[in-house]
Every structure is written in structure tokens, then in C-alpha cells.
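**Q**
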Amino acid sequence: MQATRQRIITILKEKGQATVDELANRVGLTPMAVRHHLNMLQADNLIDSVELRRRHRPGRPTYLYKLSETADMLFPSDDYKLTNYLIDEVTARLGKEEISQIFNEIADRLANEAPSIKEHQHMEEQLTALVNFLHQKGFIVQWESTGGDYLIHVYSCPYRRVAKEHPVVCVIDTHIINKMLNVTPTLVSSLVSSDNHCTYLICKTSST
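The sequence shown runs 13 to 220 under the numbering used here.
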């Protein structure tokens, strides 16, 4: 990102909000130059603005600028490490069976958000519904038919970094597939095992 815009973002993060004049003083530019950078940041959906009320005063309106929710992603985050610590602590206190049950219950909650499978719906329609639901949850996933069976390929998982440290997290994928398709998938490749992606086998005989 251009250095002046990065500086403006940092100032807004520190102050919470600021006017053009305040930003101009901080970055050492004219208000006109700062407005140019603010326009660019607004075009990228990184800042929001609100007009300040003025009482019978002529001239250009005064705006307060603040960071948008999108801009929050520009700042460092280490949520996955905190999650790792949390799973370590819970596992140490409750044991592996309990932590597995916790993730099964999390998967249940996620699966309950999925659309219900319609009666007599073909397996391929169910697979498409599954893929669409997982896309909404941050997965990159596809399915294919092969030799009369089906393969579900998970190319990216929103929990992949945590799963490398705690494979128990992968029960979420398996449980959602089981709940939505009413079959038990067989894991044939895994990102956790350094494969390029996770693949689950759905046997046609088990899905009928």
C-alpha cells in the first residue's frame, strides 16, 4: 500500500477518527492532498466518513473519517495461535475424548445451519447443496463422480492452520458431511498429512 495511505490508516487506528485537517497536520500534507488519499481509501472500502453538523457556517462540509470493518484485516492477527493454546488447555483438562465430543457438537451446530435435504433428492443435488453450504463457511470445495462413487475435494479449509496442530478439528468436516448426506465419508487424503487437499470418498452403495 502507498506509504501516505498506510500512515493515514495507522493514525485512524490510533485516534479512532479524525478530520481532514487533523490528518493533514499529522502526515505533513495539504488538506487537498489528504482528501485525494482519503478518496482512494474510500474507494477500497477501507474507511468510512460522517458529516459533522455545522450551524450556519459557510464553506466546505467537515467530515470525520474512521476505519471500516474491512480495514481491520490489514492489522496483524494471531487468532489461530490463541485457538491452539485453548485446544491444548481444554485437552489437558478434559482429555481427548471430551475435546472430540466438543468438536462434534460444534459440527452439529454448523450442520443445523445448513438447508434441509429434500425428500427423494438425488445424491448429486445433495452434494451440490453441501458444497454451496461449505462455500458459505469459507471452504473451497468441489465434488466429482468417479466409478459410480463420489469424491469430495476440500482444497482450502478455514481451520487448516489449527488442524495442522490439532487434527481433531477435522471432525468438523466429516461430521457436516455425515449430517447433510446421511453417510459416513472415508478420508482418502488430507491437508494435515501434507497432501494438496482433503478428499472424502462417498460410496454409492452407502448413499442409497
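All residues carry an ideal CB built from backbone N, CA and C; glycine is no exception. Predicted model only: the values in this text are computed from it and were never measured.
Give me the Cβ distance between L53 and I20, rounded to the nearest whole Å; I'm assuming they're in contact under 8 angstroms.
**A** 7 angstroms
**Q** Need the endpoints of the beta strand (DSSP E) that Q154 sits in, please.
**A** 152-158
**Q** Smallest Cα separation from D161: which of F151, A83, M135?
**A** Per the Cα distances, M135.
**Q** What separation, rounded to the nearest whole angstrom, lies between the Cα atoms of V181 and C169?
**A** 11 angstroms
**Q** Which residue or residues does DSSP assign as beta-bridge partners of S61?
**A** Y77
**Q** Could you give the distance in angstroms between the alpha-carbon of Q113 and the alpha-carbon of G107?
**A** 10 angstroms
**Q** Do M85 and A126 have their CB atoms nearer than 9 angstroms?
**A** no
**Q** What is the DSSP secondary structure of A104, reduced to helix, strand or coil?
**A** helix
**Q** Rounded to a whole number of angstroms, what is the C-alpha to C-alpha distance between N96 and P73?
**A** Cα to Cα, N96 sits roughly 49 angstroms from P73.
**Q** Within the same chain, show all residues whose beta-carbon is closer than 8 angstroms to that of L50, passing over the 5 residues directly before and after it, in chain order.
**A** Answer for L50: I20, V32, L35, I59, S61, Y77, listed in chain order.
**Q** With distances taken Cα to Cα, identify the nearest neighbour of N144 among V166, P43, M13, A104.
**A** Just measuring C-alpha positions, the residue of V166, P43, M13, A104 sitting nearest N144 is V166.
**Q** Keeping to the same chain, check which residues put their C-beta closer than 7 angstroms to that of D207; ignore five residues upstream and five downstream.
**A** S201
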